[in-house]
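Visitor:
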Amino acid sequence: LRYVNLQNWGRGVWHFAHQKALVDRDGSLQWTIGALGARLAKVNQHVALVGPTLQALRVPVQRGVQYLGLRATPVGAALFLPGPADRWRDRRGVMDSDDPDRAAALRAALAGCQGEGEALSRLAEQACHWLADAPPIDEAVEAMAGRIVHSHGRVAVQGLAAEVNLGYRQALRRFEATVGMQPKELARLRRVRQACLLALARNAPGTADVAASAGFADQPHMSREFTAFFGWPPGLTLAYLRRIEHLGVA
């Protein structure tokens, strides 16, 4: 973004101003202020860099291989992953190098499992063991994440910070350290998730009513979000989701 502001004041004017801009990661801002003619001009410019880059992460899946996993609440993953949650963002297959002790314990727990049920049970037991040593949950972040989840992403982030008595920037820092992403990103994820559920229920991917019901500005907006998160447009994403058995999803 290039922003040029030229001001021509009279000699009897004392000009004081404070201006602020938020720039997402990988964004650029050329900001030029020309305050001319005033007896005294003092302009404070504040630029805050926020938000990581979003890119679709495609995990390779091999035919005939069984994959197991645990789903956690937005704040739950931080309880059994060591260190700040944003450390694990967009990474896979790194537990061996980043936390070899937990990797070894997980392999030992899953060794010799007979069937999917036993493997899932052991995986859950190991996660509960890690939870026993986890630090306390950040209650303010938990409340913010809960509001985003229950509203399907249709909530103002600044309002959330005020609800938990935190400053906006402080809320962003604590949220990202606990959840691994910014509140607006979680809201985007929840809107995309809601669109997936609505499209599956209505058997109509990419339609305008699905976009509106999920909180998108219009159908092209929804298509861009699907491509950003999945790497596919809504139609291809839904075709893939239909091949999966969804149990207890709401």
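Under this note's numbering, residues 4 to 253 are what the sequence shown spells out, in order. We treat Cβ as the ideally placed atom computed from N, Cα and C, and that holds for glycine.
#1: Who are the near neighbours of Ala174 in its chain, counting only those whose CB is closer than 6 Å to its CB and skipping five residues on each side?
#2: Could you compute how far the alpha carbon of Lys45 sits from the alpha carbon of Tyr6?
#3: Pull the bridge partners of His18 from the DSSP assignment, please.
#4: For Ile36, write down the residues that DSSP places opposite it in a beta bridge.
#5: In this structure, does DSSP put Val68 in helix, strand or coil?
#6: Using the rule of at least 16 other Cβ atoms within 10 Å of the residue's Cβ for burial, across every protein chain shown, is Arg193 buried or exposed?
#7: Helix, strand or coil for Ser268? Go by DSSP, reduced to three states.
#8: I'd like to know whether the C-beta atoms of Ala190 and Leu201 end up nearer to each other than 8 Å.
#9: Using CA coordinates, which residue listed in His18, Thr181, Ala41 is at the minimum distance from Arg90?
#10: Within 10 Å of its beta-carbon, does Cys131 have 16 or more other beta-carbons around it, so buried, or fewer, so exposed?
#11: Roughly how many angstroms lie between the CA atoms of Gly13 and Lys23, to the nearest whole one?
#12: Please classify Trp91: does DSSP put it in a helix, a strand, or coil?
#13: Helix, strand or coil, according to DSSP, for Ala146 in the structure here?
#14: For Thr1, does the count of other Cβ atoms within 10 angstroms reach 16, so buried, or fall short, so exposed?
#15: Shortest alpha-carbon distance to Arg205 belongs to which of Leu241, Phe219, Gly170?
#16: Apply the 10 Å Cβ neighbour rule to Gln117 and answer buried if 16 or more other Cβ atoms are within range, or exposed otherwise.
#17: Go ahead and pull the three-state DSSP assignment for Pro191.
#18: Which class does Phe219 belong to by DSSP, given the choice of helix, strand or coil?
#19: Closer than 7 Å to a non-hydrogen atom of the ligand GDP - does that hold for the CB of Leu201?
#20: Would you report the Cα separation of Asp104 and Ile151, rounded to the nearest angstrom?
#21: Using CA coordinates, which residue listed in Asn8, Leu39, Ala75 is at the minimum distance from Gly17?
#22: Look at the alpha carbon of Met225 and the alpha carbon of Glu248, and state the distance between them as a whole number of angstroms.
#23: Buried or exposed for Thr56, please, with buried defined as at least 16 other CB atoms from any protein chain shown within 10 angstroms of its CB.
#24: Which class does Pro236 belong to by DSSP, given the choice of helix, strand or coil?
Guide: So, to answer that:
#1: Ala164
#2: 18 Å
#3: Ala44
#4: Asn8
#5: coil
#6: buried
#7: Nothing can be reported for residue 268: it is not among the residues displayed for the chain, which extend from 4 to 253.
#8: no
#9: Thr181
#10: exposed
#11: 25 Å
#12: helix
#13: helix
#14: Because residue 1 is not part of the residues shown, which for the chain are 4 to 253, the question remains open.
#15: Leu241
#16: exposed
#17: Residue 191 is actually Arg in this sequence, not Pro. Three-state result, Arg191: helix.
#18: coil
#19: Among the components modelled here there is no ligand, and therefore nothing to report on the ligand GDP.
#20: 34 Å
#21: Inspection of the sequence shows that residue 17 is occupied by Trp rather than by Gly. Per the Cα distances, Leu39.
#22: 24 Å
#23: Unreliable positioning characterises Thr56 in this predicted model, as indicated by a pLDDT of 49, which lies under 50. The coordinate reading is nonetheless provided below. Its Cβ having fewer than 16 others within 10 Å, Thr56 is exposed.
#24: coil
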